[in-house]
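There are 2 protein chains.
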Amino acid sequence: MKNKIRPSILPGFMELLPREQRIFNDIVRKITNVYEKNGLIPMDTPIIEKQEILMAKSGGETEKQVYNFKRGDNNLALRFDLTVPLARYVAQYFNDLTFPFKRYQIGKVYRGERNQRGRYREFYQCDVDIIGNGKLDIRNDAFVISIVSQAFKSIGLKEYKFQINNRKILLGLFQELEITDNGSIITLIDKYDKMDKKEFYKDLEGVVGDSKAKFINDFINIKGTGVGIIDNIKKLNISNDTFNNGLKELEEVIKCLKIFGVCENEYLVDFKIIRGLDYYTGTVFETILIGNENFGSICSGGRYDNLAQNYTDNIMPGIGISIGLTRLFYVLKEIGFVDNYNLEEGLEYLILPIGETLEYCFKVKEYFKKLGFSVDVYLEEDKFKKKLNYANKIGVKNVVIVGEDEVKSGNVLIKNMFTGSQIIKKVIENDF
Amino acid sequence: MKNKIRPSILPGFMELLPREQRIFNDIVRKITNVYEKNGLIPMDTPIIEKQEILMAKSGGETEKQVYNFKRGDNNLALRFDLTVPLARYVAQYFNDLTFPFKRYQIGKVYRGERNQRGRYREFYQCDVDIIGNGKLDIRNDAFVISIVSQAFKSIGLKEYKFQINNRKILLGLFQELEITDNGSIITLIDKYDKMDKKEFYKDLEGVVGDSKAKFINDFINIKGTGVGIIDNIKKLNISNDTFNNGLKELEEVIKCLKIFGVCENEYLVDFKIIRGLDYYTGTVFETILIGNENFGSICSGGRYDNLAQNYTDNIMPGIGISIGLTRLFYVLKEIGFVDNYNLEEGLEYLILPIGETLEYCFKVKEYFKKLGFSVDVYLEEDKFKKKLNYANKIGVKNVVIVGEDEVKSGNVLIKNMFTGSQIIKKVIENDF
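Which chain is which? The protein sequence lines are A and B, in order.
Counting from 77, one number per residue, gives the positions in the first sequence under my numbering.
Counting from 77, one number per residue, gives the positions in the second sequence under my numbering.
Written out as structure tokens, the structure reads:
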């Protein structure tokens, strides 16, 4: 006899059992519905692309994580996000698209990350991006955040907070302070949440000196919502253009968030939000689950001045967000949200034939189908007890029992499996 | 200035522009809906698996086509179908699943095929499989076909034909004729449709001799629907058990197809259908588009006695079907079906602000949203003509024009972009 291979999947890959898969799909469906109701266009791109396309810009950490491989003479790679393929797509089909191009994409991406809790090597991203031709109004930055707000509400998620910043503010501040080594400070601030605060300050001091360190440290710890925070920042009287440009953009985003239905308790302006990826040029944001901040950001994004610059001379500014759905789902499992998920989906009716009643059972099935219910007929020749046991295990809401007496009378017995209540109902007029 | 990389994708990969993507997604949605209304459970598995898992059984052509690569010490592969991962899944989670396990899965699979029309290296499969524990009633074989029938009807596809066979019939016939070299004949019959018929007969004669060749050739050219064909075959008085067992199964499948709502014009019994893959052991079928047979099968499947034998000692017979959606979509484009597709999806209302009316526009948006419509607000500061041009290009059904007068009166102008008709409507009660 042949040796068996132990059935298993690779570490860092998520696979779900039926109930959780249903919940996962229900979440995807609700997010998709929000995206489509807001007029976003669906998009799908290959998971495998040319390496030169996907690696056009990357470097550092990302590059190491990409799944690269050769096939024949071709260097291939698996996409590691949905943004680079979008950049390639808008460049490639520029003449066929209408701008602003408002698209969503939900799909799997691949990163060979170190294996650790909540980090997956294959994970779903649910992205929204709006790409302009030459220009794109700052209002769109608030709009994409408002879409995620709607998406989260649609799945019943409440305890989240968008942390919003504009990179121009910090960059302008550094110019104003005559700091040239931006890179070091940005990397430092990016790590702020994970660092001991004294250590952070010491490192900052090492880069910019004592007085500037104090100013920067105070500045990045200003937080707030609404226009109040903008007024406070304006009082600092910083004259740098980049800084004020960023502040003006942030003010407009805050103003629009209100108009677009995002409440003040849903977001916070946080000047420590940087987003490591260097193509962001203005608005940036992350999203934490309140009380579960240690899981990291579940939805991030930002503004890029020129998305597709590696592939075309057309200037295409964009704003994008990405929900990291696999990680989000992992977190939702950890915090009990999945266990308590109110799953509407699932089988409504299971018809159990007794005796030679299959034909009639399918008429009964048709009856429930026409009413819009999901319905199945048990097809195995088993003892009734086993049939009922199956019904219990799959969690069907109602069973319909059809024996030969039921065929004669046209009445069927419907049993609610949750309440145990039974009713007898005529579902088909007898034709004999 | 940096050199640009020409934006392009790999040959053999399908990528769609917005309208076609919408149609593709609409088809997926309708198929999914049919699957779910029939009580099938959704499933999702990693695209990357261990090579030893995916290659447990394969050999020959498939093996050459698999995308294999190494990462660190691991030998990885991209799934080339959804059946092998299913086999691994039911073996791995055997104790957590309820049998018969009725699942559907829609996802991308990868095969490094020679690049040719209608053949893709990345393509969607829409699979339905029913897996039993120890046994599985033959009725399920008809049931999965009936589900595909419903799926095709739901997308408006009419001109298809299921070609159904049972491998036991041919194998029993070969036993009866005392032919030992099954492999050569099966390979030959599998290629029948692509061969010159005289050449076929000559090759067949070469393998089995003249008299047997005539008998087999006559036999495999019997076609028909309903029970009539079964009666004709019975008259041949072949006593082989395997043969008669296959015939009995086929008879039951035909009987059930009728009960399950599959019409006689939807299928044909065709003894030439073999399906190369050697794990099929009973029912096999393919599906052609009538008048477009040269595109090959758009949906195939069959029965396997022991699906997960490489991973477990549990005996799990199954019946599965797979719609090759990417190829089907390619064919539907070729034959004009996509061009004529009646796409209900798409944006219902686009609100065009004139002047400082953004806040009011979002109240109007909320009004349409609450009615269940998809609705968007144009956010760019553009001339009115450009806004209207955008509306035209994206194919929105209605535009809603909101200027300062509209805000004052509470009346908005709604223009149907298809008919050109306009109405003025009060959508919000003024609160001043």
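Glycine residues also receive a C-beta, built at the ideal position from the N, C-alpha and C atoms.
Any beta carbon of chain B sitting closer than 7 Å to that of Phe89(A)?
For Phe89(A), the answer is yes, since a Cβ of chain B falls inside 7 Å of its Cβ.
In chain order, what residues of the same chain lie with their CB nearer than 6 Å to the CB of Ile255(A), ignoring the 5 residues before and after it?
So the qualifying residues of the chain are Val284.
For the alpha helix (DSSP H) containing Pro87(B), name the first residue and the last one.
No alpha helix (DSSP H) holds Pro87(B); DSSP gives it neither H nor E.
From the beta carbon of Asp415(B), is the nearest beta carbon of chain A less than 7 Å away?
No, Asp415(B) lies away from the interface with chain A (no Cβ there is under 7 Å from its Cβ).
Considering only the alpha carbon of each residue, which of Met493(B), Glu482(B) and Ile262(B) lies closest to Lys501(B)?
If we check each option's Cα against that of Lys501(B), Glu482(B) comes out closest.
Under DSSP, the alpha helix (DSSP H) around Thr495(A) begins and ends at which residues?
Element bounds for Thr495(A): n/a, residue is neither H nor E.
Using a Cβ-Cβ distance cut-off of 7 Å, determine whether Ala218(B) contacts chain A.
False, the Cβ-Cβ gap to chain A never drops below 7 Å.
When you compare the CB of Phe444(B) with every CB in chain A, is at least one pair closer than 7 Å?
With 7 Å as the cut-off, Phe444(B) does not count as an interface residue toward chain A.
Can you list, in chain order, the residues of the stretch 420-434 of chain B whose Cβ is nearer than 8 Å to any Cβ on chain A?
Flagged, chain order: Glu421, Leu423, Leu426 and Leu434.
Take Asn382(B) and list the residues in its own chain whose beta-carbon comes closer than 7 Å to its own, dropping the five residues that flank it on each side.
If we look at Asn382(B) and ignore the five residues flanking it on each side, its Cβ neighbours are Ile391, Met392 and Pro393.
Kindly indicate which three-state DSSP category Asp120(B) falls into: helix, strand or coil?
If DSSP states are grouped into helix, strand and coil, Asp120(B) belongs with coil.
Which residues mark the beginning and the end of the beta strand (DSSP E) in which Arg215(B) is found?
Unbroken run through Arg215(B) is the alpha helix (DSSP H), Arg215 to Ser230; no beta strand (DSSP E).
Does the pairing of the stretch 236-245 of chain B with the stretch 335-345 of chain B give three or more beta-carbon distances under 8 Å?
Output reads yes: the stretch 335-345 of chain B touches the stretch 236-245 of chain B.
Which residues, taken in chain order from the stretch 475-506 of chain A, show a beta carbon closer than 9 Å to some beta carbon of chain B?
Taking 9 Å as the Cβ-Cβ cut-off against chain B, none of the residues of the stretch 475-506 of chain A qualify.
If you check the beta carbons only, do Lys133(A) and Ile265(A) fall under 7 Å apart?
Not in contact: Lys133(A) and Ile265(A) (Cβ atoms no closer than 7 Å).
State the Cα-Cα distance for the pair Phe405(A) and Val338(A), rounded to the nearest angstrom.
Taking the straight line from one Cα to the other gives about 23 Å.
Give the residues from the stretch 115-135 of chain A that approach chain B closer than 7 Å (Cβ to any Cβ), ordered along the chain.
Per Cβ criterion, the list reads Gly115, Ile117, Pro118, Met119, Asp120, Thr121, Pro122, Ile123, Ile124, Glu125, Lys126, Glu128, Ile129 and Ala132.
Can you give me the C-alpha to C-alpha distance between Asn242(A) and Leu312(A), rounded to a whole angstrom?
Rounded to the nearest angstrom, the two C-alpha atoms are 17 Å apart.
Does the CB of Gly460(A) have a neighbour CB from chain B at under 7 Å?
The displayed chain sequence assigns Phe, not Gly, to residue 460(A). So, not an interface residue.
Compute the distance between the beta-carbons of Tyr180(A) and Glu198(A), then report whether it is under 7 Å.
No, the Cβ-Cβ distance between Tyr180(A) and Glu198(A) is not below 7 Å.
Look at the alpha carbon of Phe250(B) and the alpha carbon of Asn258(B), and state the distance between them as a whole number of angstroms.
Taking the straight line from one Cα to the other gives about 7 Å.
With a threshold of 7 Å between beta carbons, is Phe438(A) in contact with chain B?
Cβ-Cβ to chain B under 7 Å: yes for Phe438(A).
Helix, strand or coil for Ser373(B), going by three-state DSSP, please let me know.
DSSP places Ser373(B) in coil when its eight states are reduced to three.
What does Phe250(B) reach in chain A if we use C-beta pairs closer than 9 Å?
Ordered by position in chain A, no residue passes the 9 Å Cβ test against Phe250(B), which lies about 25 Å from the chain.
In whole angstroms, give me the CA-to-CA distance for Ile81(B) and Thr138(A).
Each residue's Cα considered, the two are about 19 Å apart.
Go through the stretch 359-419 of chain A residue by residue and report every complete run of the alpha helix (DSSP H) that reaches 4 residues or more, in order.
With a minimum length of 4 residues, the continuous alpha helix (DSSP H) runs that stay inside the stretch 359-419 of chain A are 401-410.
Where Leu92(A) and Met119(B) are concerned, what is the direct C-alpha to C-alpha distance, given to the nearest angstrom?
The straight-line gap from Cα to Cα measures roughly 8 Å.
Express the C-alpha separation of Arg190(A) and Glu432(A) in angstroms, rounding to a whole number.
C-alpha separation (whole angstroms): 58 Å.
Name the chain A residues whose beta carbon is nearer than 9 Å to that of Glu198(B)?
What Glu198(B) touches in chain A: Pro122, Ile123 and Ile124.
Would you kindly work out how many angstroms separate the C-alpha atoms of Ser376(A) and Val360(A), rounded to a whole number?
If I take the Cα positions, the gap works out to 8 Å.
Checking contacts by CB at 7 Å: is Lys56(B) closer than that to chain A?
Outside the shown range of chain B (77 to 508) lies residue 56(B), about which nothing can therefore be said.
Looking only at its own chain, which residues have a Cβ that is under 6 Å from the Cβ of Ala167(B), when we skip the five neighbours before and after it?
Result list for Ala167(B): Ala384, Tyr387 and Thr388, in chain order.
Between the alpha carbons of Asp415(A) and Ile103(A), how many angstroms are there, rounded?
Going by the C-alpha atoms only, they are around 14 Å apart.
Do you know how far the Cα of Leu86(A) is from the Cα of Cys332(A)?
Rounded to whole angstroms, Cys332(A) to Leu86(A) spans 44 Å at the Cα level.
Contact defined as beta carbons within less than 8 Å: I believe Gly88(B) pairs with Tyr196(B). What is the distance between those atoms, to the nearest angstrom?
Correct: roughly 6 Å between the Cβ atoms.
Could you round the C-beta distance between Val453(A) and Lys445(A) to whole angstroms and report it? I think they count as a contact, below 8 Å.
Not really, about 11 Å apart at Cβ, beyond 8 Å.
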